[in-house]
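Engineer: Protein chains in written order, with my numbering: chain D, 1107 to 1376; chain R, 9 to 284; chain F, 3 to 360.
Glycine included, C-beta positions come from ideal geometry on N, C-alpha and C.
1. Quick check on residue 302 (chain F): does DSSP put it in helix, strand or coil?
2. Nearest by alpha-carbon distance to residue 42 (chain R): which of R:245, R:28, R:59 is it?
3. Taking only beta-carbon positions, decide if residue 285 (chain R) is within less than 7 Å of chain D.
4. Give the single residue among F:267, F:172, F:273 whose Cα lies nearest to the Cα of residue 251 (chain F).
5. Using a beta-carbon distance cut-off of less than 9 Å, what residues from the stretch 1272-1283 of chain D approach chain F?
6. Got a sec: is the Cβ-Cβ distance from residue 67 (chain F) to anything in chain D below 7 Å?
7. Report the residues of the stretch 98-115 of chain F with a CB closer than 7 Å to any CB of chain D, ordered along the chain.
8. From F:111, F:112, F:145, F:160, pick the residue whose C-alpha is nearest to that of residue 125 (chain F); which is it?
9. Since residue 190 (chain F) and residue 28 (chain F) should fall inside the 8 Å C-beta cutoff, what is the C-beta to C-beta distance between them, to a whole number of angstroms?
10. With distance defined between alpha-carbon atoms, name the residue in D:1298, D:1110, D:1218 nearest to residue 1363 (chain D).
11. Where does residue 16 (chain F) fall in DSSP's three states?
12. Would residue 81 (chain F) count as contacting chain D if we go by Cβ distances under 7 Å?
13. Leaving out the 5 sequence neighbours to the left and right, which residues in its chain are closer than 6 Å to residue 1105 (chain D) when beta-carbon positions are compared?
14. Using a Cβ-Cβ cutoff of less than 8 Å, which residues in the same chain neighbour residue 95 (chain R) once the five nearest sequence positions on both sides are dropped?
15. Going by DSSP in three states, residue 266 (chain R) sits in which element: helix, strand or coil?
16. If you reduce the DSSP assignment to three classes, tell me which class residue 199 (chain F) lands in.
17. May I ask you to report which of helix, strand or coil DSSP gives residue 44 (chain F)?
18. Give a yes or no on whether the C-beta atoms belonging to residue 310 (chain F) and residue 340 (chain F) are separated by under 7 Å.
19. Quick one: is residue 284 (chain R) near chain D, going by C-beta distance under 7 Å?
20. By the criterion of Cβ-Cβ separation under 8 Å, what are the contact partners of residue 1287 (chain D) in chain F?
21. Got a sec: is the Cβ-Cβ distance from residue 1269 (chain D) to anything in chain F below 7 Å?
22. Taking only three categories from DSSP, how would you classify residue 1161 (chain D)?
23. Excluding the 5 residues flanking residue 84 (chain F) on each side, which residues of the same chain have their C-beta closer than 7 Å to its C-beta?
24. Indicate the three-state DSSP secondary structure (helix, strand or coil) for residue 84 (chain F) in the structure shown.
25. Give a yes or no on whether the C-beta atoms belonging to residue 77 (chain R) and residue 221 (chain R) are separated by under 7 Å.
26. Can you list, in chain order, the stretches of the alpha helix (DSSP H) that have 4 or more residues and sit fully within the stretch 176-203 of chain R?
27. Using Cβ-Cβ distances below 7 Å, what residues of the stretch 1356-1371 of chain D are close to chain R?
28. Count the CB pairs spanning the stretch 25-36 of chain R and the stretch 1212-1231 of chain D that are closer than 8 Å, and state whether there are at least three.
29. Identify which residue in F:299, F:305, F:139 has its Cα closest to the Cα of residue 171 (chain F).
30. Distance, Cα to Cα, residue 89 (chain R) vs residue 216 (chain R)?
31. Give a yes or no on whether 7 Å exceeds the smallest Cβ distance from residue 1294 (chain D) to chain F.
32. Quick one: which chain D residues come within Cβ less than 7 Å of residue 52 (chain F)?
33. Look at the Cβ atom of residue 206 (chain F), then the Cβ atom of residue 199 (chain F), and state whether they are nearer than 7 Å.
34. CB-CB under 8 Å to residue 22 (chain F), same chain, minus the five flanking residues each way: which ones, in chain order?
35. Count the other CB atoms within 10 Å of the CB of residue 265 (chain R); is the residue buried (16 or more) or exposed (fewer)?
36. In this structure, does DSSP put residue 268 (chain F) in helix, strand or coil?
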């Protein structure tokens, strides 16, 4: 009898638990969104309005644009740099593979606050030409490269070499094979890296905080932060805070709709 | 054959990027951490002063940060272990939805801090509840537990990932064997599954700890005026960019890097060979 | 039509020698099979012929051309893989057209050739299907069409039927034979399945441990296996270790001894009196005979039925003769009579066994 009770309760409790934890995860975003779009009138009634979004300053939208351009350039650089490495790590045999992988991963394990300061110092002393917009691009490309690398490695791992061999036997050269067969087949996996980099670079905060001083470039999350400190808890600040979160969410959902979680598993997901 | 060198042009750009913009800056911060405030911009004199002073002045910040990050990691294990276990073993429908929701904390600590801020604000839902119970909301809310809660939300995905990877690595036949040998579900879990997933628990805790060492917005916005400002991330920012004591900021920064390096060295050792 | 010749191919992986001085030949329009157990180096050999892996030593010729250092895309070959290798992101038409596009043929020609190739494998009308919508057999047919469309000089098949269920496998292997006959292309076919190899091949190379152990027509290899490995690998056989009792160099018949039995053997070559020889006699070559007919067989013995095994088309008897147990197959309607013959005494007779090289 105890067995059957366990078996009946187990799935219900499992789902309840997952839902509970996911509610906690969703809590910050939902509250912010609630504060941005729900207006309580003096008479006690509640309405939903997007008015708070119209109160966001022009300056914030400019920063969103800056942010998006930084993110897109970061994605471009990271894919161009990391995909060949992933290909080499999976397909070629050479010494010190693990060492190279660890070398390329190091940055991921250094907290953003220290990395930000290290970058600021190197920009002051060595790379003076990077004091500005490109300083951000370089910082983000270096900092997030691992995500493109991990997802691309997973993608190449999952690619059965028989397709490339078949292409070669059918008369396609190395380059043709890569562009016509390899790339289309690993595309979804590489896109997973693109999505992760987009999402993380659109929302990067701590490294940006340190870089913003010397570079005099401000990204959207920094604007949100300073608005929180100065304007506090007003609806337009809540609205600002949701903008890039919703954009990120849309990117993630769009990706998952097309490709599912398959290509993210093993890289950042179980 | 020739293929051994064919990989070289493919990896060179990445190596160059990381060398120029990660390892060189890392070297810079190390160098600067040995300079004193007065000598920083002109002929630098290298001393250990910053490190000596650091442990005296900022001991409390180290303590606070370790405490917050350590506790957050612990809570992550307690919440994340069942989450990973259920996601992998119990649930088939909507599993991908739960997986997708786990991406949201990656949007960053700032938004977590800000969202939770609304929760505990005077006049917010939680504070009203506490008021009704006769507890002063300010004492409870802007304090360590709230910061720990925020931090644990922030790093939960990493912990679930680490535990999940180690759970996936357990051959189910061990558990089936234990059951057939007469162990109950609970005994099987405690004697077989849990010990075998221990590496995942350790790497999960360490990963969470390592990430939270550098959190800034969560302690500053949620930790209250006393605890919240006295964490390492805030001190790095304040000393270097607000009061321009780059030497001291760099020294704290190097310490944080050193600690996380040790932490992640252990993580990589324990989770050896997951990808390459 | 192209002649294929591989001379002393060697491939090492570390200290492991996967392919050890393999020399083989396929004449114009011939279907040659490399037969061997898994891990014997047969696939490695084929992949070297395709240019997918470079040999450490040796040369490969297509007619008079030395292609040893040419990459696969410059060899004009067709390679059919063990796993389905249809590109999952292209439909059937695009897949078959791939090789033609690589050869930069005009669109009209490509259309015609794709149609022709699909017709040859009886897959017309499937152009718009994606590979995931095809059954295993259909996918393998399209795979063959894709290879044929490019009009390759040499066809290479790497166990193409090993992942296909038994019924369909039978059908497809004759299909492959038919296509080879129709197109008259030189073809090298790798398999571990002896029945498959014998059914389709003109000539068979048997490989073991990276070496070629025997080469010949299916009939030659079956009736006259040269090594114990081949005798055991191909079909079922009785091995008997013997020593020489009587041996007349001119007479052509030697008497060998095993377990006190005298077994007479026609020997093709000179035997060494001091050596021990393995002989092989197949269960289907041993007959249960009338005790009065003993004289008409080279060898005849009395034995006890130890066990009977019903296999289907045959009933196998294990017959104990003075402690030497021989497998004997019985056929036809009379096989059912033996089903309850356990413990009975019968007489068996057989012609000369084969002497195996040691």
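Structural biologist: With the given structure in hand:
1. Locating residue 302 (chain F) in the third chain gives position 300, counting from the first residue. In this structure, residue 302 (chain F) counts as strand in the three-state DSSP scheme.
2. As a position in the second chain, residue 42 (chain R) is number 34, starting the count at 1. Looking at the Cα atoms, R:59 is the closest of the given residues.
3. Nothing about residue 285 (chain R) can be read from this structure; chain R reaches only from 9 to 284.
4. Taking the third chain and counting its residues from 1, one reaches residue 251 (chain F) at position 249. Selected option, being the one with the closest Cα: F:273.
5. Taking 9 Å as the cut-off between beta carbons, the residues of the stretch 1272-1283 of chain D near chain F are 1272, 1273, 1274, 1275, 1276, 1277, 1278, 1279, 1280, 1282, 1283, in sequence order.
6. For the purposes of this step, residue 67 (chain F) is identified with residue 65 of the third chain, where counting begins at 1. Cβ-Cβ to chain D under 7 Å: no for residue 67 (chain F).
7. Hits within the stretch, in order: 100, 101, 104, 105.
8. As a working note, residue 125 (chain F) is residue 123 in the third chain. For the set F:111, F:112, F:145, F:160, the Cα lying nearest the Cα of residue 125 (chain F) is the one of F:145.
9. As a first step, residue 190 (chain F) must be located in the third chain, where it is residue number 188. As a first step, residue 28 (chain F) must be located in the third chain, where it is residue number 26. Contact holds; Cβ gap of about 6 Å.
10. Indexing the first chain from 1 puts residue 1363 (chain D) at position 257. Looking at the Cα atoms, D:1298 is the closest of the given residues.
11. Reading the third chain from its first residue, position 14 is the one you call residue 16 (chain F). Coil.
12. Numbered from its first residue, the third chain carries residue 81 (chain F) at position 79. Taking 7 Å as the threshold, the shortest C-beta distance from residue 81 (chain F) to chain D falls below it.
13. In this structure chain D extends from 1107 to 1376, so residue 1105 (chain D) is not present and cannot be described.
14. Along the second chain, read from residue 1 onward, the residue named residue 95 (chain R) stands at position 87. Excluding positions up to five away in sequence, the list reads 103, 106, 107, 168, 172.
15. Counting from one through the second chain, the residue named residue 266 (chain R) turns up at place 258. In the structure shown, the three-state DSSP call for residue 266 (chain R) is helix.
16. To locate residue 199 (chain F), count along the third chain from 1; it is residue 197. Here residue 199 (chain F) sits in helix by DSSP.
17. Looking up residue 44 (chain F) in the third chain gives position 42. Three-state DSSP puts residue 44 (chain F) in a helix.
18. As a working note, residue 310 (chain F) is residue 308 in the third chain. As a working note, residue 340 (chain F) is residue 338 in the third chain. Yes, they are a contact pair.
19. Working through the second chain from its first residue, we reach residue 284 (chain R) at position 276. Per-residue confidence for residue 284 (chain R) stands at a pLDDT of 39, beneath the threshold of 50, marking its modelled position as unreliable; no derived number is given.
20. Locating residue 1287 (chain D) in the first chain gives position 181, where the first residue counts as 1. Going along chain F in sequence order, the residues near residue 1287 (chain D) (Cβ under 8 Å) are 89.
21. Residue 1269 (chain D) sits at position 163 when you count from the first residue of the first chain. True, the Cβ-Cβ gap to chain F drops below 7 Å.
22. Your numbering for residue 1161 (chain D) matches position 55 in the first chain. DSSP places residue 1161 (chain D) outside both helix and strand once states are collapsed to three, so it counts as coil.
23. The residue you call residue 84 (chain F) lines up with position 82 of the third chain. Cβ-Cβ distances below 7 Å link residue 84 (chain F) to 160, 161, 162, 164, 165 in the same chain, with the five nearest sequence neighbours on each side left out; the list follows chain order.
24. Reading the third chain from its first residue, position 82 is the one you call residue 84 (chain F). Looking at residue 84 (chain F) - three-state DSSP - the assignment turns out to be coil, as it is neither helix nor strand.
25. For the purposes of this step, residue 77 (chain R) is taken as the residue at position 69 of the second chain. For the purposes of this step, residue 221 (chain R) is taken as the residue at position 213 of the second chain. For residue 77 (chain R) and residue 221 (chain R), yes; Cβs fall inside 7 Å.
26. List check, alpha helix (DSSP H) in window: 180-188, 193-196.
27. Those residues of the stretch 1356-1371 of chain D that come within reach of chain R (Cβ to Cβ, closer than 7 Å) are 1358, 1362, 1366, 1367.
28. Enough Cβ pairs lie closer than 8 Å, so yes.
29. The sequence position of residue 171 (chain F) within the third chain is 169, counting from 1. Nearest option by C-alpha distance: F:139.
30. Within the second chain, the letter at position 81 stands for residue 89 (chain R). Within the second chain, the letter at position 208 stands for residue 216 (chain R). Whole-angstrom Cα-Cα distance: 13 Å.
31. As a working mapping, residue 1294 (chain D) is identified with position 188 in the first chain. For residue 1294 (chain D), not one C-beta of chain F is nearer than 7 Å to its own C-beta.
32. For this step, residue 52 (chain F) is matched to residue 50 along the third chain. Per Cβ cutoff of 7 Å: 1275.
33. As a first step, residue 206 (chain F) must be located in the third chain, where it is residue number 204. As a first step, residue 199 (chain F) must be located in the third chain, where it is residue number 197. Contact: yes.
34. By 1-based counting over the third chain, the position of residue 22 (chain F) is 20. For residue 22 (chain F), where only same-chain residues beyond five positions count, the Cβ hits under 8 Å are 12, 43, 211, 212, 213.
35. Here residue 265 (chain R) refers to the residue found at position 257 of the second chain. Its Cβ being crowded by 16 or more others within 10 Å, residue 265 (chain R) is buried.
36. If you number the third chain from 1, residue 268 (chain F) lands on position 266. Reduced to three states, the DSSP call for residue 268 (chain F) is strand.
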